[in-house]
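Numbering (our numbering), first residue to last: 619 to 773.
A virtual CB, placed ideally from N, CA and C, is assigned to each residue, including glycine.
Here's the structure, in structure tokens; my notes come after.
Now the structure itself:
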């Protein structure tokens, strides 16, 4: 189970808990209004179970990027959940399957950073998603996985 804090325009909007394992794939989102944080709202689960997958919020939607399918197979899938809807939608997947990566949203784009490949090797790759397609950007100087990324004041 992973717990995610979701920020949009600098305000804490939601807290998402994504539970994924071989047997099931569920998600829950705590209410988007401050007054509603004590109530859990069940949402449909991800279309396929996976773990070691980061999320990011871009354009008011929650993106689940990559991850590992048990036992430890990296997947390229990218799914998006719009808070106004009820389902996850699969969008263009990562160009390179990977799990245990990090995501960050900067300048209206979602970045997928590092991760682990099918052989368990740390990756230095960085990809940028603009809401339509992924493009490669300058890689890190060394491969990293199980990392965390954050964006402070939009920079």
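- Task: Below 8 angstroms CB to CB, which residues in the same chain sit around residue 697 once its five sequence neighbours on both sides are set aside?
- Result: 664, 665, 681, 682, 706, 707, 708, 709, listed in sequence order.
- Item | For residue 670 and residue 732, believed in contact at Cβ under 8 angstroms, the rounded distance | Contact flag wrong, Cβ pair sits at about 12 angstroms.
- Item | Residue of 703, 673, 726, 754 minimising C-alpha distance to residue 766 | Comparing Cα-Cα distances from residue 766 to each of 703, 673, 726, 754, the minimum goes to 673.
- Under the rule that 16 or more other beta-carbon atoms within 10 Å means buried, what is residue 653, buried or exposed? Note on residue 653: pLDDT 38, under 50, position unreliable in the model; the coordinate value appears next. With fewer than 16 other beta carbons inside 10 angstroms of its own, residue 653 counts as exposed.
- Query: With C-beta atoms as the reference, is residue 712 less than 7 angstroms away from residue 730?
  - Reply: Residue 730 sits close to residue 712, with the two beta carbons spaced by under 7 angstroms.
- Query: Any heavy atom of the ligand NAP within a distance shorter than 6 angstroms of the CB on residue 688?
  - Reply: Ligands are entirely absent from the displayed structure, and the ligand NAP is therefore not among its contents.
- For residue 655, does the count of other Cβ atoms within 10 angstroms reach 16, so buried, or fall short, so exposed? Its pLDDT being 46, under 50, residue 655 is placed unreliably by the model, and the measurement read from it follows with that caveat. Burial call: exposed.
- Item | Span of the beta strand (DSSP E) around residue 731 | Counting along the chain, residue 731 sits inside the beta strand (DSSP E) bounded by residues 727-731.
- Of the residues 678, 757, 668, 667, the one placed nearest residue 702, counting alpha carbons only: Relative to the Cα of residue 702, the nearest Cα in the group 678, 757, 668, 667 belongs to 678.
- Item | Coil, strand or helix - residue 746 by DSSP | The answer is strand: DSSP assigns residue 746 an E or B state.
- Query: Which one of 667, 725, 688, 714 has the shortest CA to CA distance from residue 749?
  - Reply: Residue 725 holds the alpha-carbon nearest to the alpha-carbon of residue 749 among 667, 725, 688, 714.
- Task: Report the residue from 691, 676, 675 whose alpha carbon sits nearest the alpha carbon of residue 667.
- Result: The shortest CA-to-CA distance from residue 667 to any of 691, 676, 675 is the one to 691.
- Between residue 728 and residue 747, is the Cβ-Cβ spacing less than 7 angstroms? Judged by their CB atoms, residue 728 and residue 747 are nearer to each other than the 7 angstroms cut-off.
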